[in-house]
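There are 2 protein chains.
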Amino acid sequence: MLDKEQLERLDLAFNPRSVAILGATKEPDRVGYSILESVLRGGYEGRVVPIHPRHQEILGQKVFARLDDVDGPVDLAIVALNERASVEAMDECGQHDVKGAICVAGGYKEMGGEGEALQARLAEAAVRNRVMLVGPNTLGLINAQAGLNASFWPTELHRGGVFSLITQSGGVGQMIGFKAQDEGLVINKWVGVGNRAALDFDDFLQYLAQDPTTKVIAVFMEGTESARRFVQLAGEVVKRKPVVILKGGKAELSQLCAQTHTGSMAGSPKVYHDVFEQFGLIVVDSVDEMVSVSKALALAPLPRGNRVAILTPSAGPSILLVDLLDSLGCVLVPFASETMERLEGLFRDVPVVLKNPLDAAAVGYSGDLYAQLADIVLADVGVDLLIAVSIDHKNRRFPSGELIELSRKHGKPVVVYYISDVEHVHKHREACQAGGIPFYLSAEETAWGAAGLVRYARLRS
Amino acid sequence: MLDKEQLERLDLAFNPRSVAILGATKEPDRVGYSILESVLRGGYEGRVVPIHPRHQEILGQKVFARLDDVDGPVDLAIVALNERASVEAMDECGQHDVKGAICVAGGYKEMGGEGEALQARLAEAAVRNRVMLVGPNTLGLINAQAGLNASFWPTELHRGGVFSLITQSGGVGQMIGFKAQDEGLVINKWVGVGNRAALDFDDFLQYLAQDPTTKVIAVFMEGTESARRFVQLAGEVVKRKPVVILKGGKAELSQLCAQTHTGSMAGSPKVYHDVFEQFGLIVVDSVDEMVSVSKALALAPLPRGNRVAILTPSAGPSILLVDLLDSLGCVLVPFASETMERLEGLFRDVPVVLKNPLDAAAVGYSGDLYAQLADIVLADVGVDLLIAVSIDHKNRRFPSGELIELSRKHGKPVVVYYISDVEHVHKHREACQAGGIPFYLSAEETAWGAAGLVRYARLRS
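Same order as they appear, the protein sequences are chains A and B. What the first sequence shows, in our numbering, is residues 1 to 461, in sequence order. What the second sequence shows, in our numbering, is residues 1001 to 1461, in sequence order.
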């Protein structure tokens, strides 16, 4: 657990007044260049200070030879040096009262032997200098709320997201980041924990738990020696915010566990899974499931229970959805008799079988009628959540606006499964998601999103 | 089984010299309008004949009052009339020697009772008139090779695909079609079997099996009473072409089975699964898996065995891949000592652990070095297939061209997992896939694609 001062220093690392890049360089294929470019492209508005012994200027920024030459405070140092120079840099950071440092280099504990000893020295130096150390062997961190991209992935940032992310692997962080971007799920903060020499999962979880702009926390974990601290903390956090977790290393887990010493959570993937669930974390099996669940939790209100209704213009997709929902703990119950009467009134001349899932057939392609059907189904007291299925068709209108209104009017979540190619989806998705309706392109993602809401609602009730 | 004449007539329905649309209309939200629009937009080069008792012209096409008024042959009739008029239309088709008809209307067997009787009359009329009947209650069919879109989904067609599709549900057909489009998997032929009043799964499978332009066949099935005929035929077909199958209705299957009478394959989802596998079909669990597997089979050469190597710039994604591959019957074996020596030569100054999966770390972002590593790994006699993982980065080059050459040089499939948002993927995907390298955006899809090649290779060997 971080104490108050440590939390404050970590918060300054996420929201720095100025950022120094140790090892900034002019060579575009080097990390020290990409990181500087990331900070500049991300839209960071504080001071940016490249550090290099010989260059005068890189990417239009004035370069300082040493951290010591910089006038004024530096809150965050991004250390893009080799594994030995990175250790020495901790003292330099300490002398300048740098609050946090990101150590990008590999060559530490993951190499065993000498590397492990070097990592111990790095951690000791960071602690001695009161530097909140992220990594080593990390891609860095992002705080989109502050326009800060302190990673070596130059990408644009978007503000206003409520989804924050802790990953052990930079690459998996990228997997999640790109998928979130494709899904219109805006990332608020992201940190790659790397080798966790000083700061571990529980420290970052503690930080995000008290971050007022973070509403949903997601974690990708390969393994940790502080699993007990992590799950105990998470068990408290989930009372206020959902924590979604993906665990890697199923196939080789037994071997990996043999290499650890705590015993507290060593065991099969099933043990991990069960312990996580017992403490109220939402366990997912893939990056796509993580993003789908997180998006639903970020956008939609929670349902009162697990009773799902499906409205669709075609039976086949709903059959696949029912298979998935069934396996995820959601149920489809028959409509109330009053609902059936109202539906019969609408379907007088159309040959359809009235049931849940409601296959509206051709009627389901008319935007107006579709919205009327959604209204009737959402009014059913036995329905906690509506999955609205539609198929993109150039001659038909999708009633985004009405669905947003209906979700609010009935106080129930609506989740959209829109069958389409990626190209034709943007306009509808943006409209729906801005109005609190998570919007998906596959049956699996739709079911994961709906079930994610149901799972967290059950925990909170 | 279709006899020679039936096969010829069905082939003319897929490759008609002229197409009539019964029930063509000027109202854009009606099926009879969308179908005509589909035929015109699809680029069909034969004669298009809208049939309507009163209109003179629709969408620039001259309208005929009755099929009988049309001078010259009509090979395919698309019947967009109501469920009763559709039955009468079969006689009209027979009088004009129409080879095949698509009956779009619902209101038949799926409604029970009267609908079931009406469907029997429809089937009887079709058989009596020697009309090869698709449907009823179907979205239609597509033959992109002939520029024929005979469905009510107006969409553009692309030629040159080798992937053909049989689906029981139009909506699931759309799911697969849109996903295939997003993945750059070009559809050759697609037919929605609908209620299968006359033609069933096995008939269309027989047709596609002898279609020289179809290399991979995929099937979405909810249920059929002719399951035995289907699997026995499929067992023969898979000796020449892979058949990928997705079965819907897991959750409610027991109820569905109770409604059927054959007993031949009534039983749990596991029974279906096991029987399909026993006959050599490739069983998949989702639309995404179907498209991933089919794409690999459409593009890549078959591997000699199930030994997979992974080359990656980041360990995390490979951990998720290993978990998936392990569950799908692929194995990762250590590299040969000669391979290790060659890798050591390349990695002299870089701190990486040499193993399979090979995490090339920062080296993995250099296109030239990445290609050298791929060459070394593919040369290993213990490697049957390479999964090349990369992460999109604006300052780095992805060596598509080299990977295509290396796959050919070593005679082994290469599958790419490219971690990226959708926006930045098109150029690389197009290049790779044109060169026989299936290209994926998620770990699951990559593993499904690779495992699909391994599964079919095992069957063929």
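Backbone N, C-alpha and C fix where the C-beta goes; we use that ideal spot for every residue, glycine too.
- Ranked by how close their Cα comes to the Cα of A:I102, the residues A:A450, A:M132, A:S164 have A:M132 in first place.
- For A:G173, the three-state secondary structure derived from DSSP is helix.
- DSSP places A:G235 in the uninterrupted alpha helix (DSSP H) bounded by 227-237.
- Within the segment 428-442 of chain A, S442 place their CB atoms closer than 7 Å to a CB of chain B, listed in sequence order.
- No Cβ-Cβ contact shorter than 9 Å links B:V1238 with B:G1305.
- Note: B:R1307 is bridge-paired with B:V1331 in the DSSP secondary-structure output.
- Looking at the DSSP output, A:C103 sits in a beta bridge with A:V79.
- Counting only residues of its own chain and dropping the five nearest sequence neighbours on each side, A:F64 has a CB closer than 7 Å to the CB of V49, I51, V70.
- For B:A1336, the closest of B:G1140, B:C1093, B:L1118, B:N1356 by C-alpha to C-alpha distance is B:N1356.
- Under DSSP, the beta-bridge partners assigned to B:L1246 are B:F1220, B:V1284.
- Comparing alpha-carbon positions, the option among B:N1188, B:N1195, B:I1282, B:V1098 lying closest to B:K1109 turns out to be B:N1195.
- For the set B:R1159, B:L1185, B:V1193, the Cα lying nearest the Cα of B:G1171 is the one of B:V1193.
- For the pair A:D288 and A:E402, the CB atoms are not nearer than the 9 Å cut-off.
- Shown here is that no member of the segment 1197-1210 of chain B has a Cβ falling below 9 Å from a Cβ of chain A.
- Ranking B:V1104, B:L1320, B:G1329 by CA distance to the CA of B:A1457 puts B:G1329 first.
- Between B:L1002 and B:Q1206, the C-beta spacing is below 9 Å.
- Here the segment 271-285 of chain A makes no contact with the segment 420-436 of chain A; the two share fewer than three CB pairs at distances below 8 Å.
- Secondary structure note for A:I142: its beta strand (DSSP E) is the uninterrupted segment 140-143.
- In the DSSP annotation of this structure, the continuous segment of the alpha helix (DSSP H) that includes B:G1113 starts and ends at 1113-1128.
- Taking 9 Å as the CB threshold, B:Q1372 stays off the interface with chain A.
- The beta carbon of A:L346 sits closer than 6 Å to none of the beta carbons in its chain outside the five residues before and after it.
- The beta carbon of B:P1050 sits no closer than 9 Å to any beta carbon of chain A.
- Each residue's CA atom was taken as its position, placing A:R228 and A:G100 some 26 Å apart.
- Taking one beta carbon from each stretch, the segment 1202-1221 of chain B and the segment 1030-1040 of chain B have fewer than 3 pairs nearer than 8 Å; the two do not touch.
- Going by C-alpha positions, A:V291 is about 11 Å away from A:P438.
- For A:R455, the number of other beta carbons within 10 angstroms of its own is at least 16, and it is reported as buried.
- The Cβ neighbour count for B:S1327, taken over all protein chains shown within 10 Å, is under 16; the residue is labelled exposed.
- Residue contact check for A:W153 against chain B: a CB pair falls below 9 Å.
- Not one beta carbon of chain A lies nearer than 9 Å to the beta carbon of B:G1184.
- Residue contact with chain B for A:T312: present (Cβ-Cβ distance below 9 Å to some residue of chain B).
- Using a Cβ-Cβ distance cut-off of 8 Å, the segment 4-19 of chain A and the segment 140-147 of chain A are in contact, since at least three pairs of beta carbons, one from each stretch, lie closer than that value.
- Remark: C-beta atoms of A:G161 and A:I282 do not approach each other more closely than 9 Å.
- For A:Q372, the CB contacts under 8 Å within the same chain, skipping 5 residues up- and downstream, are L346 in chain order.
- Taking 9 Å as the cut-off, the beta carbon of A:A24 is found no closer than this to the beta carbon of A:A120.
- Counting C-beta atoms within 10 angstroms of its own C-beta, A:A150 has 16 or more neighbours from the protein chains shown and is therefore classed as buried.
- Here the segment 1165-1179 of chain B makes contact with the segment 300-318 of chain A; the two share three or more CB pairs at distances below 8 Å.
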